[in-house]
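A quick write-up on the structure given underneath.
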Amino acid sequence: MKAEKTIKICHADPKTPAIRGMISALDDYQASLYPPESNHLEPVEKLISSEYYFIAAWKDHELLGIASFRRISGAYVEIKRLYVPHQHRGMGLAIKLMDALEEKAVQEGFSEARLETGIHQIEALRLYEKLGYDKTEPFGSYQVDPLSVFMRKKLF
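Under my numbering, think of the first position of the sequence shown as 1, with each following residue one higher.
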């Protein structure tokens with residue numbers, strides 16, 4: 001009988017080659033959906049700062065997905081860079097990644113999570129709604145954009 005491999009979600013370094021590759025794949029995917037002015041992509045150099053918390057899902061040595069949040073001056077966290085490639089979807093990884101981010105945010109004392117996603121990412125919109133996120137107005141430095149959807153969730 002073959003032992004089932006477990007998925008591990010843990011803090012990760014976005015500078016590692018596998019994660020850089022997945023970030024690049026996410027950037028390419030976003031660029032195929034939206035013009036540059038509607039893409040709010042954080043470069044790896046920003047993701048490694050103390051302002052960000054970055055996680056990855058692994059099965060053995062295979063990278064399955066990534067996610068992060070940005071700490072906004074004690075007020076809330078902004079979910080960034082959630083991505084599970086098509087070949088790894090359907091296993092509940094996005095939910096597991098989001099749960100891990102939200103748990104860490106609560107541990108750090110944040111009571112709210114916010115995010116920006118695009119209108120063409122129907123799967124993402126459904127996921128966020130399923131997880132209890134509600135549509136809201138633009139926040140932080142974001143401006144109204146007909147291609148963007150802004151969402152928020154009270155964590156406690």
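Glycine residues also receive a C-beta, built at the ideal position from the N, C-alpha and C atoms.
CB-CB length for residue i against residue j, believed under 8 Å
i	j	result
valine 144	threonine 117	Not quite, the Cβ-Cβ distance comes to about 15 Å (not below 8 Å), so this is no contact.
alanine 67	leucine 82	4 Å
Cα-Cα separation between residue i and residue j, rounded to whole angstroms
i	j	result
serine 32	glycine 74	34 Å
tyrosine 29	tyrosine 53	22 Å
tyrosine 34	glutamate 102	27 Å
glutamine 121	phenylalanine 156	27 Å
glycine 92	leucine 64	11 Å
aspartate 60	histidine 88	14 Å
serine 141	isoleucine 48	20 Å
lysine 15	isoleucine 55	12 Å
histidine 86	histidine 40	21 Å
glutamate 51	lysine 5	33 Å
glutamate 108	arginine 70	12 Å
lysine 130	proline 17	32 Å
proline 146	leucine 125	15 Å
Own chain residues within Cβ distance below 6 Å of residue i, not counting five before or after
i	result
arginine 114	Tyr76, Glu78, Phe139 and Arg152
alanine 94	Val84 and Leu127
aspartate 27	Leu41
serine 38	Asp145 and Leu147
Heavy atom of the ligand FMN within 6 Å of residue i beta-carbon
i	result
valine 144	As presented, the structure is devoid of all ligands, the ligand FMN included, so that no description of it is given.
Environment of residue i [buried if 16+ CB atoms lie within 10 Å]
i	result
alanine 25	exposed
lysine 80	buried
isoleucine 23	buried
arginine 20	exposed
Any chain D beta carbon closer than 7 Å to residue i
i	result
glutamate 51	Protein chains in the displayed structure number just one, and chain D is not present.
Residues of its chain near residue i, where Cβ-Cβ distance is below 8 Å and the 5 sequence neighbours each way are ignored
i	result
aspartate 134	Met151, Arg152 and Lys153
glutamate 112	Ala75, Tyr76, Val77, Arg152, Lys153, Lys154 and Leu155
valine 44	Pro14, Lys15, Arg20 and Ile23
ask   = Pairing CB atoms from the segment 91-102 with CB atoms from the segment 6-24, are three or more of them under 8 Å?
value = yes
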